[in-house]
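Quick note on UniProt numbering: the sequence shown kicks off at 5 and runs consecutively.
Note that the Cβ used here is the ideal one computed from N, Cα and C, for glycine as well.
For clarity, every value in this text was computed on a predicted model and none was experimentally measured.
A short write-up of the structure that comes next.
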Amino acid sequence: ETDFVKYKVKDIALAEWGRKEIGLAEAEMPGLMALRAEFGAAKPLAGARIAGCLHMTIQTAVLIETLIELGAEVTWSSCNIFSTQDHAAAAIAAAGVSVYAWKGMNAEEFDWCIEQTLYFGEDRKPLNMILDDGGDLTNMVLDLFPELVSEIRGLSEETTTGVHRLYERVKNGTLLMPAINVNDSVTKSKFDNKYGCRESLVDAIRRATDVMMAGKVAVVCGYGDVGKGSADSLRSSGVRVIVTEIDPICALQAAMEGFEVKKLDTAVKEADILVTATGNCNIVREKHFRALKDKAIVCNIGHFDNEIDMAWLNSAYGDSKIEIKPQVDKYTIDGNDVIVLAEGRLVNLGCATGHPSFVMSNSFTNQTLAQLELWTNGSAYENKVYTLPKHLDEKVARLHLAKIGVELEVLDQEQADYIGVPVQGPFKSDAYRY
Ligand code: NAI
C-alpha cells in the first residue's frame with residue numbers, strides 16, 4: 005500500500021482544453037452516450053472500484069466518465085509510456101479522478117503509475133475490478149499483489165496481446181478471476197483494430213515525418229486485423245504495399261486484395277516504410293536493419309515494442325542516435341540513416357492521437373458492457389476467458405448506426421423462419437466470421 009497521491013499528470017492547466025475536446029468526442033461516441041442514458045439513473049456499477057490501465061486519451065476520458073456515470077469509482081493509468089494525451093489526463097484529474105499518466109514517462113514511472121491505481125482514495129480501499137489493455141495491470145495484480153485477488157470480481161481486456169496472455173494463464177492455471185475478452189467482440193477487433201488503424205497509421209507517419217506517402221513502398225508485417233487496416237491505410241495514400249505473413253490464410257487474403265506477399269528478407273531492401281503489426285516478437289532484426297535503404301522509416305503498430313529488435317539497435321548503433329523531435333529518432337547504420345518512430349512502441353498512439361472517437365466508441369461500449377456484466381453477474385462465471393454474447397455485440401453495432409445515417413432492414417416472420425433466426429436477432433451463428 006502506497007501513500008495517497010490524488011493524481012499525477014503533466015500539467016493540470018491543460019484541463020480546460022481537454023474538456024473542450026471531450027465535448028467533441030462525446031458527440032462521436034453514441035454507444036457510450038446511449039449506455040449513460042440507459043443505465044445512468046440506476047447506477048448499476050455502484051460499489052465497483054475499477055482500476056483501468058488503457059491509453060489515457062480523449063476517447064478514454066469519455067469511457068472513464070461513462071463508468072463513473074454508471075456508479076463506479078475509477079482510478080486510471082496509461083498502458084504505454086507515450087500514449088497519454090496530457091490534456092485528456094488533466095481534464096480527468098480536474099474532474100476528481102485519480103489518474104496517473106503523462107506522455108513520455110520512463111519504465112519505472114510506468115510501474116509506479118499502475119501501482120497507484122490499486123488503492124482508492126484517502127481510506128485506501130483496494131480495487132475490485134480490472135479494466136486492462138495489454139495485461140500489465142493484470143500481471144501486476146496477479147503476480148505482485150495476490151492478496152488483492154479475492155476482492156476482485158473480474159477483469160476485462162481490450163487487446164489481442166493482452167487476451168493472448170490471459171489464455172496462457174488459463175493454460176497454466178494462473179488466471180484467478182473471470183475475464184471478458186473484449187478484443188474478440190466483432191464490434192471491437194473487426195472495427196478498432198482494422199478501421200481504426202486504417203485512419204491512424206498514416207496519420208502517425210505523416211505527423212512524425214511529413215514524408216510524401218504517394219509513390220513510396222511500404223512493407224507491412226502481419227495481415228491480421230491490424231495489418232489489414234494498416235495496409236489499407238498506406239494503399240489509400242498511394243503507397244505500394246508489400247505484406248509478410250506466416251499464416252497461409254492471411255497471406256492468401258492479402259494476395260487476393262492485390263498486395264504483394266513476400267518474405268521480409270526479400271522485401272526489406274525495397275522498403276521506404278517498414279511497419280510491424282504482428283503482436284509477435286523479433287520481426288525486424290539486425291539483418292533487416294542492415295538491408296534497409298537510406299532514410300527508411302521503421303515503426304510498429306502492435307502492442308509491444310519487442311516486434312522490432314530495439315535492444316540490438318540501441319546497443320550496436322545507439323551512439324549514432326539523433327533525436328529529430330520527440331518520438332522521432334535517426335540512427336545511422338553503415339552509412340545509411342534509419343528513422344525509428346516512437347522508439348518502436350505503437351506508433352499511432354506514440355506519434356499521433358490513436359484511433360478516432362467513433363471507432364473507439366464501439367470498443368469502449370463493449371468494455372462498459374463487460375464491466376457491467378462482471379460486476380452485476382460475476383458469480384455466474386468461472387476463472388476463464390469469455391467473450392460477450394452475440395446479442396450484445398449486435399447491440400453495440402446497433403447503437404452506432406443512427407449517427408452515420410444507416411437504415412436497417414427488418415425481417416418479417418417468414419424470412420426469419422426461412423433463415424432460422426429470431427426477428428430481433430442474433431442474426432448469425434457463433435461460427436460466422438464476418
Ligand atoms: P492478429 O492475430 O489478428 O494479427 C497478427 C498477424 O500477424 C496474424 O495474422 C499472424 O499470422 C501474423 N504474424 C505472426 N507472426 C508473424 C511473423 N513472424 N511474420 C509475419 N506475420 C506474422 O492480431 P491483431 O488484432 O492484428 O493485433 C496485432 C497487434 O496489434 C497486437 O499486439 C495487438 O494487441 C495490437 N493492436 C494495436 C492497436 C493499435 O491501435 N496500435 C489496435 C489493436 C490491436
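Within the region 243–324, the runs of alpha helix (DSSP H) at least 4 residues long that lie entirely inside it are, in chain order, 252–260, 268–271, 290–295 and 314–321. With a threshold of 7 Å, the Cβ atom of residue 219 does not count as near the ligand NAI, since no heavy atom of the ligand is closer than that. With a threshold of 7 Å, the Cβ atom of residue 348 does not count as near the ligand NAI, since no heavy atom of the ligand is closer than that. Counting only residues of its own chain and dropping the five nearest sequence neighbours on each side, residue 138 has a CB closer than 6 Å to the CB of 83, 163, 165, 166 and 307. Taking each of 118, 112, 155 and 125 in turn and checking the Cα distance to residue 133, the smallest one comes out for 155.
Sorting 27, 36 and 311 by C-alpha distance to the C-alpha of residue 284 places 311 at the top. In the three-state scheme derived from DSSP, where H, G and I count as helix and E and B as strand, residue 57 is classed as strand.
Boundaries of the alpha helix (DSSP H) around residue 233: 229–240. Between the ligand NAI and the CB of residue 287, the shortest heavy atom gap is smaller than 7 Å. Shortest gap from the CB of residue 292 to any heavy atom of the ligand NAI: 7 Å or more. Per DSSP, the unbroken alpha helix (DSSP H) holding residue 143 starts and ends at 140–143. With a cutoff of 8 Å on beta-carbon distance, residue 294 and residue 337 are scored as near each other.
Taking C-beta separations shorter than 8 Å and ignoring five residues to either side along the sequence, the partners of residue 115 in its chain run 144, following chain order. Counting only runs of 4 or more residues that sit fully inside the region 6–48, the alpha helix (DSSP H) segments are 19–31 and 34–43, in chain order. Here residue 84 carries a coil assignment [DSSP, helix/strand/coil].
Here DSSP, grouped into helix, strand and coil, assigns residue 186 to coil. By the Cβ-count criterion, residue 192 is buried, with 16 or more other Cβ atoms from all chains shown falling within 10 Å of its own Cβ.
In the three-state DSSP reduction, residue 433 falls in the coil class, being neither helix nor strand. Between the ligand NAI and residue 372, a heavy atom-to-CB distance of less than 7 Å is absent.
Using a cutoff of 7 Å, the CB of residue 193 counts as near the ligand NAI, since one of the ligand's heavy atoms is closer than that. Straight across, the Cα-Cα distance linking residue 65 with residue 358 is about 13 Å. Distances from the alpha-carbon of residue 381 to those of 51, 118 and 157 put 157 closest. In the same chain as residue 255, and ignoring 5 residues on each side of it, the C-beta atoms closer than 8 Å to its own belong to 227, 247, 249 and 265, in chain order. Within the model, the alpha-carbon separation for residue 335 versus residue 243 is close to 24 Å. For residue 429, the closest of 410, 438 and 394 by C-alpha to C-alpha distance is 394. Within the chosen limit of 7 Å, the ligand NAI does not reach the beta carbon of residue 132 with any heavy atom. The closest heavy atom of the ligand NAI lies 7 Å or more from the beta carbon of residue 338. For residue 381, the three-state secondary structure derived from DSSP is helix. Here residue 343 is bridged, per DSSP, to 301 and 334. In the DSSP assignment, residue 438 falls outside any alpha helix (DSSP H), carrying neither H nor E. DSSP places residue 102 in the uninterrupted beta strand (DSSP E) bounded by 102–104.
The distance from the Cβ of residue 184 to that of residue 377 is about 7 Å, consistent with a contact at the 8 Å cut-off. Within the DSSP secondary-structure output, residue 201 pairs in no beta bridge.
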